[in-house]
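Q: Numbering (this note's numbering), first residue to last: 17 to 329. The beta-carbon is built from N, C-alpha and C at its ideal position, and this holds for glycine as well. If you scroll down you'll find the structure; I have some questions about it.
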């Protein structure tokens with residue numbers, strides 16, 4: 017009602033609302049409309065890399081203080097940023113009352129190559145210049161739990177997951193790993209291709225997963241089985257292990273190459289496909305169901321672990 021000719025911002029907002037409402041009418045919680053900016057963020061999330069300074073920030077809900085909680089390898093640490101630093105300004109702009117998403121936008125806006133971060137540490141304030149670079153998001157973490165048991169945590173299945181898993185798996189083998197624990201708790205899923213490429217490294221020859229669309233068209237994803245895992249494997253899951261994490265769990269369970277431990281998984285057995293539109297925006301729509309190697313679709317039911325165990329506080 018307030019729209020006036022020439023008011024491009026209002027027109028843009030109205031168009032976004034119309035498109036969002038159109039997709040919402042499908043009543044599918046997994047389908048959605050993405051504006052151009054939102055679509056760029058979605059692409060960065062699935063690619064597992066972004067252009068930035070490599071900081072993970074946290075905001076205290078009570079005090080509003082923004083602090084650095086993690087650093088990507090390279091840039092920020094070399095520039096002088098440390099974990100625990102309090103971020104107060106970006107390029108001279110006070111950010112103490114801004115949300116984390118706003119701060120991220122300010123850091124990365126205007127295609128700049130450097131940014132000046134004002135940080136407080138031990139009562140002292142300093143301006144530190146940090147370069148913006150391509151930052152790979154770490155989605156795989158690993159370590160030896162003891163002399164023989166390896167541990168790999170996968171937090172999401174992005175384009176970078178397979179290579180990160182390959183590196184972690186190789187390093188643990190070099191350290192004498194005789195058993196492997198893969199932690200998929202709280203893993204919301206991700207790309208179908210990413211989980212298949214990861215499973216290719218440990219499964220025997222055979223089916224990984226297959227999908228069927230509404231017309232019954234079936235697409236199979238199989239494993240060549242060149243490097244099947246030959247040591248005991250346990251996969252940890254919980255009620256927030258979803259989508260691609262359930263594809264991983266279902267394949268391990270159906271092939272009998274490992275034991276699932278934890279609680280029943282989320283139960284998302286459907287696949288979405290993203291369609292980019294001419295103006296840079298996009299829609300994500302549910303296009304098919306997926307089935308585990310034994311032909312089980314877990315939509316709404318999840319996967320029951322072999323050994324049920326609650327996650328200790």
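#1: Starting from the C-beta of residue 20, find all residues in its chain whose C-beta is less than 6 Å away, skip the five residues before and the five after it, and write them out in chain order.
#2: CB residue 247 to CB residue 192, shorter than 7 Å?
#3: Compare the Cα-Cα distances from residue 204 to each of 34, 152, 138, 262 and report the closest residue.
#4: Excluding five sequence neighbours on each side, which residues of the same chain lie with their C-beta closer than 6 Å to the C-beta of residue 83?
#5: Have a look at residue 299 and residue 51 and give me their C-alpha separation to the nearest angstrom.
#6: To which residues of the same chain is residue 119 closer than 6 Å at the C-beta, ignoring the five residues directly before and after it?
#7: Between the C-alpha atoms of residue 222 and residue 149, what's the straight-line distance to the nearest angstrom?
#8: Would you tell me roughly how many angstroms separate the C-alpha atoms of residue 40 and residue 55, rounded to the nearest one?
#9: Compare the beta carbon distance of residue 318 and residue 290 with 7 Å and say whether it is the shorter of the two.
#10: Residues in the same chain with beta-carbon distance under 6 Å from residue 85, minus the five sequence neighbours each way, listed in chain order, please.
#11: State the Cα-Cα distance for the pair residue 128 and residue 67, rounded to the nearest angstrom.
#12: Which residues bound the alpha helix (DSSP H) around residue 291?
#13: Would you call residue 233 buried or exposed, if buried means 16 or more other Cβ atoms sit within 10 Å of its Cβ?
A: So, from the listed chains and residues:
#1: Only weak support is given to the placement of residue 20: the predicted model assigns it a pLDDT of 46, under 50, and the value that follows is read from those uncertain coordinates. Closer than 6 Å at Cβ, skipping near neighbours: no residue.
#2: no
#3: 262
#4: 74, 102
#5: 9 Å
#6: 111
#7: 40 Å
#8: 17 Å
#9: no
#10: 72, 74
#11: 10 Å
#12: Premise fails: residue 291 lies in the beta strand (DSSP E), 286 to 292, not in any alpha helix (DSSP H).
#13: exposed
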